[in-house]
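To start, the structure itself, in structure tokens.
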Amino acid sequence: MDLVRRGRIATSLVFLLFGVALGVWTARIPAVKEKLGLTDGRLSIALLAFAAGCIAGMALIGRLTDRFGSSRVLVPAALLEGLLLIPPGFAGGLVTLSIALFAFGAGHGTLNIAMNANAAEVERAMGRPVMTSFHAVYSIGGFTGALLGGLFAHLGIGVGATLLAVGLVVLAAAAWSARRVLPSTPAPATPAEERSRNPWLLFFGVVVLCTLVGEGAAADWSAVYLRDELGSSEAFAAYGYAAFAILMTVGRVFGDRLAARFGPVVLVRASGVVAAAGLGAGLLAGSTVAGVAGFGLLGLGLSCVAPQFFSAAAAIDPARAGRALSTVVSIGYVGFLIGPIVIGAAATVVGLTAALWIPVVLAAFVAASAGTIRRSRVTLRPGSPG
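In terms of our numbering, the sequence shown opens at residue 7 and continues consecutively.
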């Protein structure tokens, strides 16, 4: 097996572990809440600590990734993902839980940047689009982690034992990957005037933010919309997010082939149109089946957008992909955090159905922004001043 193919497998495994760790933690949040006797408000403080850790990790790790090479950051970050997953399961109160989650979030955010930077290097080495396939593996990992968390809960296994068992598996798999990831070359030193922030990266971050607003909306509001606005049963309401997640995974499985055949600009434009038209039609139809289909099409449409902009950001200056991805991912992640809050605030004023047009409008903006992928590569060559 050649070095590049072996590196792709190893990095794919890291994406899988990334999804598994987050999925199993998310599935056991209710158990942590019950174990510590936390109210919703106090639990939100701990979850905010995780989010703050993620943003801190993503914002700070880019320069280190470029300085030492993505593989040298990826390996310890993947090992830490397994180790730092464990402490939240043994926290004895809100303070210790918040500290543990901040640390887990910082490691999680660090791994996010390092693994995407390494995936961009694998993509360049292979000479064809493969970024979306890595994110498909991440989605599969998220499903797997959620199923594992649910299985452990069904078997009556405590949250501490759950996170310990999964954390050790993640640690072992990360150790296996460590010797097989594609080696990377540190970025060369450049004059200060060549280190200015690239304006395209800020715009790419905004586009990814718009995409993640849609993801956050589906995760937090799809079931509420189907149950409260359309009168579905609670069981049926869960199908909204299930359809979103399944079709997002399907879209990512085929995304690289579509990017290779039609190009990233056409793919992103079509994706934005599918997302906007799909959810928009579902909202206009006002039926439960149409609502589920609308959220499914939203997931299908959004599935390939972020990976294409991650690839475009890394391609602007491949030697400094870490800093580029740090900017784009950090800005984008804010959308996942604030999107559901903005939609909830709007829902109190205009109703939830009207508020859910926000991700529709943002998806249309994504479609309109597709051409910036091509323009960024034309106007800013690798190594040129930002």
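No residue lacks a Cβ here, since even glycine has one placed at the ideal position from N, Cα and C. Computed from a predicted model, the values in this text were never measured in an experiment.
Residue burial classification, residue i (beta-carbon count within 10 angstroms, cutoff 16)
i    : result
I15  : exposed
P205 : exposed
I322 : buried
L157 : exposed
L9   : exposed
V355 : exposed
S50  : exposed
G43  : exposed
V431 : Outside the shown range of the chain, which is 7 to 392, sits residue 431, and nothing can be said about it.
V272 : exposed
R34  : buried
A351 : exposed
P189 : exposed
F210 : buried
I61  : buried
T45  : exposed
S104 : buried
L28  : buried
Where the alpha helix (DSSP H) containing residue i begins and where it ends
i    : result
V256 : E240 to F268
A351 : A327 to V356
G75  : Where G75 is concerned, there is no enclosing alpha helix (DSSP H), given that its DSSP letter is neither H nor E.
C216 : P205 to V230
R34  : R34 -> no alpha helix (DSSP H), and no H or E assigned at all.
L154 : M137 to H160
L170 : V165 to A184
H311 : As written in the sequence, residue 311 is Val, which differs from the His given in the question. Note, V311: alpha helix (DSSP H), V311 to I322.
S190 : Premise fails: S190 is in no alpha helix (DSSP H) and is neither H nor E.
Rounded straight-line distance, which links the Cα of residue j to that of residue i
i    : j    : result
V420 : A125 : Nothing can be reported for residue 420: it is not among the residues displayed for the chain, which extend from 7 to 392.
N118 : V213 : 18 Å
L89  : F108 : 13 Å
N122 : L331 : 8 Å
F21  : G341 : 21 Å
G63  : G115 : 5 Å
S183 : A167 : 24 Å
L19  : V259 : 15 Å
F149 : G257 : 15 Å
A404 : G47  : Residue 404 falls outside the range modelled here, since the chain spans only 7 to 392, and no answer is possible.
I252 : S145 : 9 Å
Distance between beta carbons of residue j and residue i, contact taken as under 8 Å
i    : j    : result
V295 : A376 : No, V295 and A376 are not in contact; Cβ-Cβ is about 30 Å, not under 8 Å.
S3   : G237 : Only positions 7 to 392 of the chain appear in this structure, which leaves residue 3 out of reach.
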